[in-house]
Each structure stands twice: as C-alpha cells, then as structure tokens.
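This report refers to the structure that appears directly beneath it.
Residue numbers (full-length UniProt numbering): 1 to 101.
Structural data, given as structure tokens:
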C-alpha cells in the first residue's frame, strides 16, 4: 500500500519485522509538520511488536517532543515507547519508537 500526502511517497510500503530507520527529513518534510507526524504514525504501524523504528525528523521543526510525541501517544498509547536518541549533525533529530504488543 502506498499512501501519499500532497504527492509525497510513503515512508515505507512494507511491514518491518526488524528494527529500522524512517527518513522524515526530506524537503517535503521541512515544509509540512503534519506530513512528518502522519509518516511517523505510518512507520510505527508498519513495525512489528518487539522492534523499533528510528524516526529521523527534519531540523526545521525543532525538538520532536514539542510536536511529535503527543500525537503518537494519542494514536498508540502504551503500545509505543518513545526515546529521544540524539540530534544529527545536519540538525535533525532521532527518536526511537519501540513497539510492544
């Protein structure tokens, strides 16, 4: 299933039965915080329980705790554990989302 937001391709078309990274720092992401949130949700939905996805967000939106954590907790509740990993050299941020059953 490929779902797009304003013509932006999906972050992944497959279910990940392993830990992986979702690139949410492209030019379209810089201009659209809603796209970052939508694709972060999609990445978590496509990560099997027991694994994690590193959500690599664009620097344009600042620290992800300010805009990303709340919508993800609203959607997934206790099924997802969010851990801030680090700021990238390019200014973006990495949040590890571990999925439980």
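Backbone N, C-alpha and C define an ideal beta-carbon position, used for all residues, glycine too.
Query: C-alpha gap between residue 19 and residue 37, whole angstroms; Result: 19 angstroms
Query: Among 23, 12, 32, nearest to residue 61 - alpha-carbon criterion; Result: 32
Query: Status (buried if at least 16 other CB within 10 Å, exposed otherwise) for residue 73; Result: exposed
Query: Cβ neighbour criterion (16 or more within 10 Å) applied to residue 44; Result: buried
Query: Spatial neighbours of residue 47 in its chain, beta-carbon cut-off 6 angstroms, leaving aside the 5 residues before and after; Result: 16, 53, 99
Query: Exposure of residue 87, with buried meaning 16 or more beta-carbon neighbours within 10 Å; Result: exposed
Query: Cβ pair residue 42, residue 21 closer than 8 angstroms; Result: no
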